[in-house]
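Under the numbering used here, the residues of the sequence shown are numbered 123 to 399, in order.
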Amino acid sequence: MDNEPFFTRDGAAFIPTLSSRGPWDPKSLHGRVVIGLLGARIEALHGGPEFTPARLTVDMYRLPGLDPITVTTRLARDGYRIKVVEAELFGAGVSMARASCQLLRRGEPPEGRVWSPANWDAPAPDSIPPPPERPLGGMWQIRPIDGNMGSLGRRRLWMAEVRALVEGEPLTPFARAALAADFASPFANAGDAGLGYINTDATLYLHRTPTTQWVGMEVVNHQASDGVAIGECWLYDEAGPIGTATVAALSQGRKRIGTGTPPENAPGEGRPPSPPS
């Protein structure tokens, strides 16, 4: 179904639709909807117009299946200027991921000037023609600027959501940024032989939330040793920089999206991966 939401509601449970499936296992959720749902629930239950969700970290230690999802939250710190919220995502009653979010009260900036990088010189998304193929069957829309996931040079693009996160609930700017954060892993960690790393976490830093539907991403780092990778993207909206997304990832061995066959008992192949020990 075109523009099917990622989840529907059944009381306190979130029911995944087929649109929420990820690339590693057709019976599991995409990491981006896990991050997006955790961020959205934290914002809905503990956010407010006077706070900026400045940091969201999500640990993803299992691949949730298509079972009903529940999310619990706990206010770890409820200060006037700083809130810290913890959240946990369960699938079929089993803990699949957890999040920590720091919300900071907005206020007057200090005096003086501080150096920061120049805004990027990307063309507006509306001036870029869409690619001939829709990513993952239309999970989102993109406007490529430089390079692609397999190129060995500069990589930049715009991305925008085409679906609601939860049916009947508006997609907030923070949820839009949280959904985009997961893409830092394939965008930064894919190579000329495909994507061989599956991300285990994502951290989203924001000094403000996006003001338009488009989120710009630029790969600024990838490093890897012994099957462990890190990646980082700078994030933008059409008005300028908004923050960063950083990820950690594990090698999938011979398993690569779109290339080769998976190794026996690879994480995500018919069973959730175990938490790192």
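Ideal Cβ placement from N, Cα and C applies to all residues, glycine included.
(request) Could you please give me the residues that DSSP links to Gln374 through a beta bridge? (result) BP columns for Gln374 are empty, so no partner.
(request) Could you tell me whether any non-hydrogen atom of the ligand MN is closer than 7 Å to the CB of Glu233? (result) Among the components modelled here there is no ligand, and therefore nothing to report on the ligand MN.
(request) Give the single residue among Ile157, Thr174, Val193, Val341 whose Cα lies nearest to the Cα of Trp242. (result) It is Val341.
(request) Within 10 angstroms of the Cβ of Tyr319, are there 16 or more other Cβ atoms? Answer buried if so, exposed if not. (result) For Tyr319, the number of other beta carbons within 10 angstroms of its own is at least 16, and it is reported as buried.
(request) Verify whether the separation of the beta carbon atoms of Gly260 and Val284 is less than 8 Å. (result) Going by C-beta atoms, Gly260 is nearer than 8 Å to Val284.
(request) Let me know the alpha helix (DSSP H) ranges lying completely inside the region 236 to 310, each 4 residues or longer, listed in chain order. (result) Runs of alpha helix (DSSP H) with 4 or more residues, each lying fully within the region 236 to 310, are found at 295 to 303, listed in chain order.
(request) Check whether the Cβ atoms of His168 and Val193 lie closer than 8 Å to each other. (result) No, these two residues do not count as a Cβ contact at 8 Å.
(message) Taking 8 Å as the threshold (C-beta atoms), are Glu291 and Arg228 in contact?
(response) Going by C-beta atoms, Arg228 is not nearer than 8 Å to Glu291.
(request) Find the nearest neighbour of Gly313 within the set Val155, Gly213, Asn343, judged by alpha-carbon distance. (result) Comparing Cα positions, the closest option is Asn343.
(request) For Glu255, count neighbouring C-beta atoms within 10 Å of its own C-beta (all shown protein chains included) and say buried if the count is 16 or more, exposed if not. (result) Result: exposed.
(request) Can you tell me which of the three DSSP states Ala162 falls into? (result) If DSSP states are grouped into helix, strand and coil, Ala162 belongs with the helices.
(message) Using DSSP's beta-bridge definition, name the partner residues of Pro138.
(response) DSSP, once it has assigned bridges, lists Phe129 as partnering Pro138.
(request) List the endpoints of the continuous beta strand (DSSP E) containing Trp146. (result) Annotation: Trp146 is outside any beta strand (DSSP E) and is labelled neither H nor E by DSSP.
(message) Spatial neighbours of Ile164 within its chain, please: C-beta separation below 7 Å, excluding the five flanking residues on both sides.
(response) Excluding sequence neighbours, Ile164 sits near Thr195, Val207, Ala209, Ala221, Cys223.
(message) Less than 6 Å between C-beta atoms, sequence neighbours within five positions excluded: which residues of the same chain meet that for Met218?
(response) Cβ neighbours of Met218 beyond the five flanking positions: Arg184, Pro186, Leu211.
(message) Given this structure, state the Cα-to-Cα distance separating Pro252 from Arg199, to the nearest angstrom.
(response) Roughly 44 Å separates the two Cα atoms.
(request) Ignore the nearest five residues each way along the sequence and tell me which others in Ile137's own chain have a CB closer than 8 Å to its CB. (result) Result list for Ile137: Phe129, Thr130, Arg131, Pro190, Ile191, in chain order.
(request) Use the C-beta contact count for Gln374: other C-beta atoms within 10 angstroms, 16 or more gives buried, fewer gives exposed. (result) It is buried - the Cβ of Gln374 has at least 16 other Cβ atoms within 10 Å.
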